[in-house]
Structures are given as C-alpha cells and as structure tokens.
Amino acid sequence: RDLICIQSMDGMLMLFEQESYAFGRFLPGFLLPGPLTYSSRTDSFITVSSCRQVESYKYQVLAFATDADERQETEQQKLSSGKRLAVDWVLNIGEQALDICVVSFNQTVSSIFVLGERNFFCLKDNGQIRFMKKLDYSPSCFIPYCSVKEGTINTLVGNHSKILNVYQDVTLKWATQLPHIPVSVKVANL
Numbered sequence: 534r535d536l537i538c539i540q541s542m543d544g545m546l547m548l549f550e551q552e553s554y555a556f557g558r559f560l561p562g563f564l565l566p567g568p569l570t571y572s573s574r575t576d577s578f579i580t581v582s583s584c585r586q587v588e589s590y591k592y593q594v595l596a597f598a599t600d601a602d603e604r605q606e607t608e609q610q611k612l613s614s615g616k617r618l619a620v621d622w623v624l625n626i627g628e629q630a631l632d633i634c635v636v637s638f639n640q641t642v643s644s645i646f647v648l649g650e651r652n653f654f655c656l657k658d659n660g661q662i663r664f665m666k667k668l669d670y671s672p673s674c675f676i677p678y679c680s681v682k683e684g685t686i687n688t689l690v691g692n693h694s695k696i697l698n699v700y701q702d703v704t705l706k707w708a709t710q711l712p713h714i715p716v717s718v719k720v721a722n723l
C-alpha cells in the first residue's frame with residue numbers, strides 16, 4: 534500500500550493511505566517548514582525544525598496522538614482526550630538545514646545525512662552523530678551514495694562556487710569545476 538506524507542506551511546503533517554486521508558498532526562514548536570524524510574528502518578519521520586534541531590517522530594506516535602482537527606479544544610479536554618505528540622529524539626545542529634536524506638546500503642546499518650548551511654552531518658538511527666564535516670563554502674545540494682571501500686560512505690556536495698566535491702566520509706577525494714551552480718545531484722549506474 535502507498536502512504537503519502539505532506540508537510541504544510543503551518544506545520545501540519547497530513548498522511549494519506551492510498552487515496553484516502555488518514556490523519557493530520559501539528560508538529561510542536563513549528564515556525565517554518567524544513568526538510569522532511571522517512572526512515573523505513575525506524576518507521577520514523579525525520580525533519581529539521583526552525584529551532585535548528587533534527588527531530589524524529591515515530592509513525593506510531595503520530596498515529597495515536599491527539600488529532601490536529603481538535604487543536605482548538607480547551608486544555609482540560611486535551612488532557613483527557615489523547616496523547617500529546619512527543620519527539621523520539623532531538624539533535625541540535627545549530628544551523629538551518631538545506632536537505633536531509635536516509636541511506637541504507639545493507640540491512641544492519643542506515644545513516645541519516647543532513648546538509649546544513651556550513652556543515653554536513655551523518656547521524657545514526659538514534660540521533661547520535663556518526664561524523665560531521667565543516668564546509669568552507671556555501672553548499673547548494675548533496676547526495677550520499679555507496680562507497681567501494683567497506684564501512685565508508687561517499688557524498689557528492691555541490692556549492693555556489695560551481696564546484697562539485699566528492700567526499701569519502703569526511704575526506705575530500707575529488708573536486709571538479711562545473712559550468713553552472715548545481716541545484717540537484719543524482720548517482721546513476723551506466
């Protein structure tokens with residue numbers, strides 16, 4: 534079955550199962566929409582809030598929390614009608630995020646990559662930092678992909694200086710000048 538999650542400008546996550554509306558939940562402390570991704574390994578939605586924090590919300594918690602349609606209820610009714618939406622884990626990265634993605638190259642290990650304004654982060658499923666790389670340029674896009682070296686991950690990072698960098702974990706392996714500023718990068722097998 535197909536599930537679709539839509540993040541609105543006012544901080545509501547709307548979930549659809551097939552063609553029917555399932556439920557909607559407002560994220561706590563929401564100000565501006567940030568990048569959003571889903572981790573099938575932990576069954577969680579991961580986003581970066583306007584507080585500059587990476588936050589993970591379990592699907593189970595979203596499904597059983599108080600419905601967003603009942604947001605105007607009084608405080609007494611909220612306490613008796615359902616569970617409050619609780620975050621699974623939080624990591625303060627101290628900067629706004631441009632993009633976020635979850636990668637899994639084998640069944641045992643998956644990583645969450647966050648591209649910030651001046652750093653890119655690799656996190657474990659529980660929100661702990663696996664590694665981070667401080668960037669001396671303004672990034673525009675990125676994509677992690679499988680490395681030929683066991684236990685490492687390659688990452689393509691484009692920047693506003695028209696350069697595409699290839700990192701193996703935190704080590705710069707290669708860079709190339711482009712004729713334009715990259716806004717999106719993908720990896721293909723040819």
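Under our numbering, think of the first position of the sequence shown as 534, with each following residue one higher.
Ideal placement from N, C-alpha and C gives every residue a C-beta, glycine not left out.
If you're wondering where the values come from, they're calculated on a predicted model, not measured in any experiment.
Start and end residues, alpha helix (DSSP H) containing residue i
i, result
"Leu595", "Tyr592 to Phe597"
Under the three-state DSSP convention, the category residue i falls into
i, result
"Lys695", "coil"
"Thr710", "Reading off the sequence shown, one finds Gln at residue 710, where the question assumed Thr. Gln710 falls in the strand class under three-state DSSP."
"Lys719", "coil"
"Leu618", "coil"
"Leu705", "strand"
"Leu565", "coil"
"Asp543", "coil"
"Thr688", "strand"
Beta-carbon separation (whole angstroms), residue i vs residue j, contact threshold 8 Å
i, j, result
"Tyr678", "Val720", "4 Å"
"Phe664", "Asp702", "6 Å"
"Leu697", "Ala708", "7 Å"
"Leu509", "Arg558", "Outside the displayed span of the chain (534 to 723) sits residue 509, for which this structure offers no information."
"Ile686", "Ile645", "Actually they do not touch by this definition, with Cβ atoms about 11 Å apart."
"Trp622", "Gly660", "4 Å"
"Asp658", "Ser572", "7 Å"
"Gln629", "Arg585", "6 Å"
Residue i burial status per 10 Å Cβ neighbour count (16 or more: buried)
i, result
"Asn692", "buried"
"Ala619", "exposed"
"Tyr590", "buried"
"Pro672", "buried"
"Leu564", "exposed"
Span of the beta strand (DSSP E) around residue i
i, result
"Ile662", "Ile662 to Lys667"
"Asn659", "Per DSSP, Asn659 belongs to no beta strand (DSSP E) and is neither H nor E."
"Ser726", "Only positions 534 to 723 of the chain appear in the structure, and residue 726 is not among them; the question remains open."
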